[in-house]
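Enquirer: Taking numbering that gives the first Met the number 0, the leading residue of the sequence shown gets 0, the next gets one more, and so forth. For every residue, glycine included, the Cβ atom is placed at its ideal position computed from N, Cα and C.
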Amino acid sequence: MERRAFRVSGFLILLVLVAAVGAAAAVDHTGVLVAVAATAAVLLMTGFTVVNPNQSRVVQFFGRYVGTIRTAGFHWTVPLSSKRSVSLRVRNFETARLKVSDADGNPVEIAAVVVWRVVDTFKASFGVDDHISYVAVQAEAAVRHLATSYPYETHDDGRTSLREGTAVSEELTVELSERAALAGVEVLESRITHLAYAPEIAQAMLARQQASAIVGARFKIVEGAVGMVQSALDRLRELEVVELDEERKAQMVANLLVVLCGDRNVQPVVNTGSLYS
Numbered sequence: 000m001e002r003r004a005f006r007v008s009g010f011l012i013l014l015v016l017v018a019a020v021g022a023a024a025a026v027d028h029t030g031v032l033v034a035v036a037a038t039a040a041v042l043l044m045t046g047f048t049v050v051n052p053n054q055s056r057v058v059q060f061f062g063r064y065v066g067t068i069r070t071a072g073f074h075w076t077v078p079l080s081s082k083r084s085v086s087l088r089v090r091n092f093e094t095a096r097l098k099v100s101d102a103d104g105n106p107v108e109i110a111a112v113v114v115w116r117v118v119d120t121f122k123a124s125f126g127v128d129d130h131i132s133y134v135a136v137q138a139e140a141a142v143r144h145l146a147t148s149y150p151y152e153t154h155d156d157g158r159t160s161l162r163e164g165t166a167v168s169e170e171l172t173v174e175l176s177e178r179a180a181l182a183g184v185e186v187l188e189s190r191i192t193h194l195a196y197a198p199e200i201a202q203a204m205l206a207r208q209q210a211s212a213i214v215g216a217r218f219k220i221v222e223g224a225v226g227m228v229q230s231a232l233d234r235l236r237e238l239e240v241v242e243l244d245e246e247r248k249a250q251m252v253a254n255l256l257v258v259l260c261g262d263r264n265v266q267p268v269v270n271t272g273s274l275y276s
């Protein structure tokens, strides 16, 4: 786990070193004390480090993890230690367009963007080889797994599809957060940025979508037309405009449905005869 490293203000230590070397030079006329003080100063100067805003320094002393400095500024820490910079800034990564098969076996192209940041510098430095590459690989793996778990689109109620952005993005964020935790990374957000059928089946799927839309529209038209016909018959009966037997009702229903459900302009026909002749 990450812990705070020992640190002192770098300006304070620098002032002490300058004063110590100056005092040694003032009292020592042989130069021995000055040489010792200068050697000690050079040794202590290896503990100086600068931390920029939203950056951190992971301090190691001969392979041993000492701690992490997160405060921006000029600091002095353990001499002869190595100091590795780890960014704490928010980053984003966009996956390539991956070609995978969805839950129904249809080839689709999918891509996503992931927003993340480092929250544990110890895990980011020592938990994985390279936390940036780790996030990139895990993001693509999570997107592939998500694409194979859901269909591109659903025609039945109760199933979640890849086109439902909010639900799918939330699940992708949760799954990627679990994967990235090993690297000390927090996933802030993930979004699907590209989703389409693969080119080889895109035309066929477009035709199916158009056919489904036409069928759905026709269903609504017929449903509304039946209601209108029923309302017309009830109104005629209530107002006693005309008495219709069952055969005339059937003929009227057929004519109204043709008028209401047809996709072409109606051509009126004048009937000079009788329905029974």
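1. Mind checking who L194 pairs with in its DSSP beta bridge?
2. Just verifying my parser: in three-state terms, what is the DSSP assignment at V89?
3. What is the DSSP secondary structure of T165, counted as helix, strand or coil?
4. By a C-beta neighbour count over all protein chains shown, 10 Å radius and 16 as the cutoff for buried, is P52 buried or exposed?
5. Alpha carbon to alpha carbon, how far is S160 from E188?
6. Considering only their Cβ atoms, is the gap separating V117 from S86 smaller than 9 Å?
7. Going straight from the alpha carbon of T153 to that of E222, what length do you get?
8. Can you tell which of L16, A19 and V134 has the C-alpha that lies nearest to the C-alpha of E174?
9. Which partner residues of N147 appear in the DSSP bridge assignment?
10. Go through the stretch 31–84 residue by residue and report every complete run of the beta strand (DSSP E) that reaches 3 residues or more, in order.
11. Evaluate contact between the stretch 61–75 and the stretch 89–109, counting only Cβ atoms and requiring at least three cross-stretch pairs below 8 Å.
12. Using three-state DSSP, classify R234 as helix, strand or coil.
13. The alpha helix (DSSP H) that contains S124, what's its start and end?
14. Using the C-alpha atoms, what's the distance from L255 back to A111?
15. With DSSP run on the structure shown, which of helix, strand or coil describes R3?
16. How long is the line joining the alpha carbons of Y64 and L42, rounded to whole angstroms?
17. Just mark E246 as buried or exposed, buried being the case when its beta carbon has 16 or more other beta carbons within 10 Å.
18. According to the neighbour-count rule (16 or more other Cβ atoms, all chains shown, within 10 Å of its Cβ), is S124 buried or exposed?
19. R247 by DSSP, collapsed to three states: which one?
20. Thinking C-alpha only, which one of T76, A39, A249 and F60 is nearest A231?
21. For the alpha helix (DSSP H) containing L16, list its first residue and its last residue.
22. What would DSSP say about S160, mapped onto helix, strand or coil?
23. Considering L97, what are the terminal residues of the beta strand (DSSP E) in which it resides?
24. Pull up the CB-CB distance for V298 and A4, whole angstroms please, since I reckon it's below 8 Å.
Expert: In terms of the structure at hand:
1. I109
2. coil
3. helix
4. exposed
5. 19 Å
6. yes
7. 23 Å
8. V134
9. Just to set this straight, residue 147 is Thr in the shown sequence, not Asn. The partner list for T147 (beta bridge, DSSP) is empty, contrary to what the question assumes.
10. 47–50, 54–60, 63–68 and 72–75
11. no
12. helix
13. T120 to F125
14. 51 Å
15. strand
16. 20 Å
17. exposed
18. buried
19. helix
20. A249
21. G9 to V26
22. coil
23. L97 to S100
24. A query on residue 298 cannot be resolved here, the shown segment of the chain reaching from 0 to 276 and no further.
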